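Residue numbers (this note's numbering): 391 to 1003.
Cβ coordinates follow ideal geometry from the N, Cα and C atoms, glycine included.
The structure displayed is predicted, hence computed values, not measured ones.
First up is the structure itself, then whatever we jot down about it.
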């Protein structure tokens, strides 16, 4: 009875809702005197996620002079130095992201010193023409709104370097976009664009262009005038072909063109800086032999889910290639020249009618496929006669000089048989601004200490095929590293410091002596590829503090280990596109499931998760 009386005293009007739309008065009151004082000191206002429907009016006249009574002088009350008008700063940064703004007050024109404006994640449908008067604006973020049209005056923002219009409702963009000649980053992804404006080629300072998830059927020819472009993202459109002179994009490094209607490989001759090309989920039937000729730095080639029938022998010209994905095509055989690609660590050929290599070999993954191709090629030259193989000899000076380092932009000592590397080599490498280091196939027992000299520059380190018995803690100093290859050594553990390499995208510890999967790898939150095959690993940790913590993991190779149980929760990692588990001692999943590929394996595991999970 007592509890019911208490309940009866609670009135509906006494309940404060967790979420409600603020009225204009509440919006204005959020700009407290303390916040105004802070703004005048820093020149910045950040009101993020405050459920604001309007920008407080005081923002637009925050620096109106304060009325002072000059007839009264209080000698005992000296004003604070920061409160003096000549020490106050004009507003330069305005961040009202993640609110519910539906419109912008035309008074925004008063903020003439504004350089950064962030209005992302609101409910804007239009912009006032007065926004064009913000002539000092260099960074503007309007993403995740409902904007369907831009005012003509918008294109007077000629100092803009960064413009984000993604996730809106734009159906077209004015040709006046070409007036924004200082743009370096332009994001118009996830709109409803059917055409890009003519004249986009005048944006010659552009380095990053994203127009993915639109309805584009063709790209303007002058897009190839973007000579400083480094990244082009055009995936998920309706493109049937790419412009003829794509090779004019001399500085392009990344092209994302997957999920279109493209039926021919683009001509990329001239794109010598290209590192990654994604053109999967299209309708390509063949790859011209000349395609491979002038791409010396290509590391990733994603051709999955096309209609390709043949992989030319000339693929061997891609000497920097690390990942090749041919999954779900119509390729019936693989060229033996693939085995000459010294850096190739991931070869995906699932879903092809390959008859020249047994299915069980294909199921064993990259290492086994390449070994099979190498065995077939061994001992024969191009004419079918036995090769004359000379015993390898170490030259008097196997180390590259300054000229070679500057020319190749990499420190490469592959297969030189060296046991140590002089410090001078690293000093020369620093002078040549080297970021790629390849010490594979030597006799090194630990990481050369000279690597610390390059620690702030290294992005790729290849120690494959040495005699490493340990990795020293100084590896944590490689704070820009993206690729680390420690395969084919004698390692049985990694130092905890490896977990500090938060920029790492790919790690290869295959062919070592690991019994436990290194826990430090679970700290690599940006890692996408892990090769841990051909070890003695006994278990898989798929918990939230284990593999499940790696939200970006796409390729996981645990084949040929001693794993006796596969946790069903591994099936929840649906972002994985390639999971290799064959050659272990577990009985479930059976070989029939493993042969069906990654999607089937993950589905099988999910079906066996106990209901309490």
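Asked: Please identify the residue among 961, 858 and 978 whose C-alpha is closest to the C-alpha of residue 989.; Found: 961
Asked: What are the residues that DSSP puts in a beta bridge with residue 989?; Found: Beta-bridge pairing links residue 989 to no other residue.
Asked: Closer than 6 Å by C-beta to residue 518: which residues in its own chain qualify, once you throw out the five before and the five after it? Chain order, please.; Found: 494 and 496
Asked: Here's the rule: buried if 16 or more other CB atoms are within 10 angstroms of the residue's CB, otherwise exposed. What is residue 896?; Found: buried
Asked: Compute the Euclidean distance between the alpha carbons of residue 820 and residue 865, then round it to the nearest angstrom.; Found: 17 Å
Asked: So, residue 488 versus residue 439, is the Cβ gap smaller than 7 Å?; Found: yes
Asked: Express the C-alpha separation of residue 719 and residue 1013 in angstroms, rounding to a whole number.; Found: Residue numbering for the chain in the displayed model covers 391 to 1003; residue 1013 lies beyond these limits and cannot be assessed.
Asked: Out of 843, 818, 853 and 841, state which residue places its alpha-carbon closest to the alpha-carbon of residue 831.; Found: 853
Asked: To the nearest whole angstrom, what separates the beta carbons of residue 847 and residue 881, a pair I think is in contact under 8 Å?; Found: Not really, about 24 Å apart at Cβ, beyond 8 Å.
Asked: Give me, in chain order, the residues of the same chain whose beta-carbon lies closer than 6 Å to that of residue 577; leave out the 5 immediate sequence neighbours on both sides.; Found: 554, 556 and 600
Asked: Please classify residue 415: does DSSP put it in a helix, a strand, or coil?; Found: helix
Asked: State the Cα-Cα distance for the pair residue 986 and residue 748, rounded to the nearest angstrom.; Found: 15 Å
Asked: Please work out which residues of its chain come closer than 6 Å, Cβ to Cβ, to residue 766, disregarding the five sequence neighbours upstream and downstream, and give them in chain order.; Found: 726
Asked: From which residue to which residue does the beta strand (DSSP E) around residue 850 run?; Found: 850 to 852
Asked: Which word fits residue 480, buried or exposed, when buried means at least 16 other C-beta atoms lie within 10 angstroms of its C-beta?; Found: exposed
Asked: So is residue 683 buried or exposed if we call it buried at 16+ other beta carbons inside 10 Å?; Found: exposed
Asked: Pull the bridge partners of residue 621 from the DSSP assignment, please.; Found: 598 and 644
Asked: Taking the straight line between their C-alpha atoms, what separation do you get for residue 413 and residue 539?; Found: 27 Å
Asked: Taking 7 Å as the threshold (C-beta atoms), are residue 655 and residue 681 in contact?; Found: yes
Asked: Less than 6 Å between C-beta atoms, sequence neighbours within five positions excluded: which residues of the same chain meet that for residue 483?; Found: 434 and 506
Asked: Looking at C-alpha atoms only, which residue of 449, 842 and 574 is the closest neighbour of residue 502?; Found: 449
Asked: With a threshold of 16 other CB atoms inside 10 Å of the CB of residue 689, please say whether the residue is buried or exposed.; Found: buried
Asked: Roughly how many whole angstroms lie between the Cα atoms of residue 873 and residue 893?; Found: 9 Å
Asked: Counting Cβ pairs, one atom from each stretch, are 3 or more of them under 8 Å apart for the stretch 564 to 578 and the stretch 588 to 603?; Found: yes
Asked: Strictly by DSSP, which residues pair up with residue 827?; Found: 801 and 851
Asked: Please return the same chain residues whose Cβ sits closer than 8 Å to the Cβ of residue 513, not counting the five positions on each side in sequence.; Found: 490, 491, 492, 535 and 536
Asked: Roughly how far, in whole angstroms, is the beta-carbon of residue 876 from the beta-carbon of residue 899, given that I think they are within contact range, below 8 Å?; Found: 5 Å
Asked: Residues bridged to residue 969 by DSSP?; Found: 946
Asked: Run the CB neighbour count on residue 446, radius 10 Å, all protein chains shown included, and call it buried at 16 or more, exposed below.; Found: buried
Asked: Grouping DSSP H, G and I as helix and E and B as strand, with all else coil, what is residue 713?; Found: strand
Asked: Which term fits residue 668, buried or exposed, when burial requires 16 or more other beta carbons within 10 angstroms of its beta carbon?; Found: buried
Asked: For residue 941 and residue 694, what's the separation of their Cα atoms in angstroms?; Found: 22 Å
Asked: Within 10 angstroms of its Cβ, does residue 758 collect 16 or more other Cβ (buried), or is it exposed?; Found: buried
Asked: Would residue 802 and residue 818 be called neighbours here (beta carbons separated by less than 7 Å)?; Found: no
Asked: Looking at C-alpha atoms only, which residue of 415, 569 and 418 is the closest neighbour of residue 548?; Found: 569
Asked: Taking 7 Å as the threshold (C-beta atoms), are residue 624 and residue 610 in contact?; Found: no
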